[in-house]
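Here the sequence shown stands for residues 33 to 75, numbered as in our numbering. We treat Cβ as the ideally placed atom computed from N, Cα and C, and that holds for glycine.
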Amino acid sequence: MTGAIGFKVDNHLLRTVRIQRYFWFWSLKSRLFYTINRKIFLK
Numbered sequence: 033m034t035g036a037i038g039f040k041v042d043n044h045l046l047r048t049v050r051i052q053r054y055f056w057f058w059s060l061k062s063r064l065f066y067t068i069n070r071k072i073f074l075k
């Protein structure tokens with residue numbers, strides 16, 4: 033469930049990098065998800 037939401041959010045992030053990026057940066061939950069995504073991307 034979280035993965036699906038994350039994927040949708042990621043798409044939106046690409047659409048609005050400026051706004052979404054700020055929101056993610058100021059969001060703890062988003063920050064955690066970003067770390068997980070980074071780990072997957074690095075793999």
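7 Å Cβ cutoff, Ile-68 in contact with chain C: Here chain C cannot be found, since the structure has a single protein chain.
Integer Cβ distance of Phe-73 from Ser-62, believed to fall under 8 Å: Counted from its first residue, the sequence shown places residue 73 at position 41. Counted from its first residue, the sequence shown places residue 62 at position 30. Phe-73 to Ser-62, Cβ: 16 Å. No contact.
Alpha helix (DSSP H) segment containing Thr-67, residue limits: Stepping through the sequence shown from its first residue, residue 67 is reached at position 35. Segment 60-74, the alpha helix (DSSP H) holding Thr-67.
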